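Number of protein chains: 2
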Amino acid sequence: MLRRAIDLFNRKGYEGTSVADLAAELGFSKSAIYHHVPSKEHLLAQALDEALDELTAVVRDALDDGGGSVADGRAYARLRSVVRRSAVVLAAHQPAVTLLLRVRGNSAVEKEALARRRWIDAQLAQLVRAAAAEGAIRDDLPPELVSRLIFGMVNSLVEWFRPDGEMTAAAVADAITAIAFDGLDRPARG
Amino acid sequence: MLRRAIDLFNRKGYEGTSVADLAAELGFSKSAIYHHVPSKEHLLAQALDEALDELTAVVRDALDDGGGSVADGRAYARLRSVVRRSAVVLAAHQPAVTLLLRVRGNSAVEKEALARRRWIDAQLAQLVRAAAAEGAIRDDLPPELVSRLIFGMVNSLVEWFRPDGEMTAAAVADAITAIAFDGLDRPARG
Numbered sequence: 027m028l029r030r031a032i033d034l035f036n037r038k039g040y041e042g043t044s045v046a047d048l049a050a051e052l053g054f055s056k057s058a059i060y061h062h063v064p065s066k067e068h069l070l071a072q073a074l075d076e077a078l079d080e081l082t083a084v085v086r087d088a089l090d091d092g093g094g095s096v097a098d099g100r101a102y103a104r105l106r107s108v109v110r111r112s113a114v115v116l117a118a119h120q121p122a123v124t125l126l127l128r129v130r131g132n133s134a135v136e137k138e139a140l141a142r143r144r145w146i147d148a149q150l151a152q153l154v155r156a157a158a159a160e161g162a163i164r165d166d167l168p169p170e171l172v173s174r175l176i177f178g179m180v181n182s183l184v185e186w187f188r189p190d191g192e193m194t195a196a197a198v199a200d201a202i203t204a205i206a207f208d209g210l211d212r213p214a215r216g
Numbered sequence: 027m028l029r030r031a032i033d034l035f036n037r038k039g040y041e042g043t044s045v046a047d048l049a050a051e052l053g054f055s056k057s058a059i060y061h062h063v064p065s066k067e068h069l070l071a072q073a074l075d076e077a078l079d080e081l082t083a084v085v086r087d088a089l090d091d092g093g094g095s096v097a098d099g100r101a102y103a104r105l106r107s108v109v110r111r112s113a114v115v116l117a118a119h120q121p122a123v124t125l126l127l128r129v130r131g132n133s134a135v136e137k138e139a140l141a142r143r144r145w146i147d148a149q150l151a152q153l154v155r156a157a158a159a160e161g162a163i164r165d166d167l168p169p170e171l172v173s174r175l176i177f178g179m180v181n182s183l184v185e186w187f188r189p190d191g192e193m194t195a196a197a198v199a200d201a202i203t204a205i206a207f208d209g210l211d212r213p214a215r216g
């Protein structure tokens with residue numbers, strides 16, 4: 027039921043989907059829907075939690091790796107791992123992440139989701155800052171900007187990635203990691 | 027009027043915006059709106075054309091540079107220029123591009139816009155292929171994937187770029203170009 031609700035929200039927009047639409051999609055009566063879930067917003071909260079729990083776990087693992095400090099000289103490996111693993115999460119939870127990326131803060135549930143996204147973004151920027159500080163990545167660009175652009179590239183895959191398409195999630199995650207850290211230029215040019 | 031219609035479409039979603047909403051936003055009566063534009067879809071078409079005309083011009087310039095051929099050994103410079111200039115266009119036409127990126131093909135106007143986007147995407151992938159063929163960029167990743175990811179990073183700036191923010195459009199475009207071609211790694215690592 028959650029799967030089909032998420033797909034409907036993504037097709038019609040969450041605001042544009044009524045409980046009657048949900049009932050029609052699922053072949054239930056409206057009262058049967060209310061028997062299963064207290065509200066449309068409850069389904070939204072479950073969907074956003076699905077995406078946020080996975081992404082939060084990826085970030086927490088990177089922070090915890092080695093004792094929770096980001097100042098032990100291995101920020102680069104953690105950052106690389108977070109980029110790769112978040113791409114894999116996006117591919118595996120694409121419908122829920124698509125919904126998350128469209129949230130604009132129109133309700134308490136959406137505001138809570140935005141707050142969790144901001145926490146994730148802050149950790150990612152911190153990891154970029156630590157990797158620059160240990161001398162592993164370029165330090166000529168603001169860490170917040172680098173973080174936004176790299177994860178903007180990661181997030182963009184929800185627009186076109188298909189689980190049944192030509193490329194596996196692992197191959198796409200490897201490509202994103204390669205471009206983000208090594209760039210497109212052939213090494214000989216640098 | 028087009029500016030405010032685009033902002034309203036982006037806030038409420040195009041489907042979720044009625045002509046009555048538009049009239050209320052602009053302080054006009056519904057009949058006054060219809061005096062100025064034949065339909066809501068007419069405004070959408072104008073907005074999408076604004077974004078697509080600019081992006082198409084950037085791509086055409088890259089194709090025409092040097093006589094319309096992409097096989098004269100300078101695909102790399104053209105690709106770099108298209109990445110940089112498309113980021114500048116996105117920053118300068120952010121509301122119209124935001125609307126464009128949300129189009130899903132729900133009408134003839136939207137289908138036409140998607141067809142123009144596909145033409146642009148095909149030219150970009152072709153340029154990536156040419157740059158790889160001339161040995162300037164890595165050739166270990168499919169050109170369509172590279173093109174999607176790089177322009178996914180470019181497109182992501184509509185989510186957060188603010189014309190009155192700390193960074194200029196030129197600085198953001200330079201950062202995107204630097205990351206895309208040179209990557210985050212310090213040259214010494216490579």
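Listed in order, the protein sequences are those of chains A and B.
Mapping the first sequence onto the numbering used here, position 173 (from 1) lands on 199, and the numbers just tick up by one.
Mapping the second sequence onto the numbering used here, position 106 (from 1) lands on 132, and the numbers just tick up by one.
The beta-carbon is built from N, C-alpha and C at its ideal position, and this holds for glycine as well.
This one's a predicted model, so the numbers in the text were calculated from it and none came from an experiment.
Interface flag, residue i vs chain A, CB-CB below 8 Å
i        : result
B/Arg164 : yes
B/Trp186 : yes
B/Leu167 : yes
B/Gly161 : yes
B/Leu28  : no
Cβ shell of residue i (< 6 Å), same chain only, five flanking positions each side left out
i        : result
A/Leu78  : Arg142
B/Asp90  : none
A/Glu170 : Ala151
B/Arg110 : Ala199, Thr203
A/Glu136 : Val129
B/Gly216 : Residue confidence is low: B/Gly216 scores 42 on pLDDT, short of 50, so the model does not pin down where it sits. No coordinate-derived value is stated.
B/Ala71  : Val135
Residues of its chain near residue i, where Cβ-Cβ distance is below 7 Å and the 5 sequence neighbours each way are ignored
i        : result
A/Asn36  : Pro121, Thr124, Leu125
A/Leu81  : Ser112, Val115, Ile146
A/His62  : Met27
B/Leu153 : Ala88, Val96, Ala101, Arg104, Leu105, Val108
A/Ile32  : Ala73, Pro121, Ala122, Leu125
A/Lys56  : Val45, Ala46, Ala49
B/Ala139 : Leu74, Leu78, Leu126, Val129
B/Gln149 : Val85, Leu89
DSSP state of residue i mapped onto helix, strand, coil
i        : result
A/Asp211 : strand
A/Pro64  : coil
A/Pro169 : helix
B/Glu80  : helix
A/Trp145 : helix
B/Gly94  : For B/Gly94, the pLDDT reaches just 48, beneath the cut-off of 50, and the residue's location in the model is therefore unreliable, although a value from the coordinates is still provided. Three-state result, B/Gly94: coil.
B/Val45  : helix
A/Gly131 : coil
B/Asn36  : helix
B/Arg110 : helix
A/Leu182 : The sequence given here has Ser at residue 182 of chain A, not Leu. Helix, per DSSP.
A/Thr194 : coil
A/Phe177 : helix
A/Pro121 : helix
A/Ser55  : coil
B/Arg86  : helix
B/Arg100 : coil
Per DSSP, cross-strand counterpart(s) of residue i
i        : result
A/Ile163 : B/Asp211
Whether residue i touches residue j by CB criterion (8 Å)
i        : j        : result
B/Val108 : B/Val129 : no
B/Gly178 : A/Met179 : yes
A/Ile198 : A/Leu183 : The sequence shown places Val at residue 198 of chain A, rather than the Ile named in the question. For A/Val198 and A/Leu183, yes; Cβs fall inside 8 Å.
A/Glu41  : B/Gly131 : no
B/Leu175 : A/Ile202 : yes
B/Asp211 : A/Phe207 : yes
B/Glu51  : B/Leu34  : yes
A/Arg164 : A/Ala156 : no
B/Ser133 : B/Glu67  : yes
B/Gly191 : A/Gly39  : no
Chain B contact for residue i (CB, 8 Å cutoff)
i        : result
A/Ala196 : no
A/Asp211 : yes
A/Ser182 : yes
A/Arg174 : yes
A/Gly131 : no
A/Ile202 : yes
A/Gly178 : yes
A/Met193 : yes
A/Leu171 : yes
A/Glu51  : no
A/Glu41  : yes
Contacts around residue i, its chain only, beta-carbon distance under 8 Å, and the 5 residues preceding and following it disregarded
i        : result
B/Ala195 : Ala113, Val114, Ala117, Ala118, Phe187, Pro189
A/Arg11  : The first residue shown for chain A is 27 and the last is 216, placing residue 11 of chain A beyond what the model contains.
B/Ile59  : Val45, Leu48, Ala49, Leu52
B/Asn181 : Leu116, Val123, Leu127
Contact list for residue i against chain D, beta-carbon separation under 9 Å
i        : result
B/Phe207 : You won't find chain D in this structure, because its protein chains are A and B.
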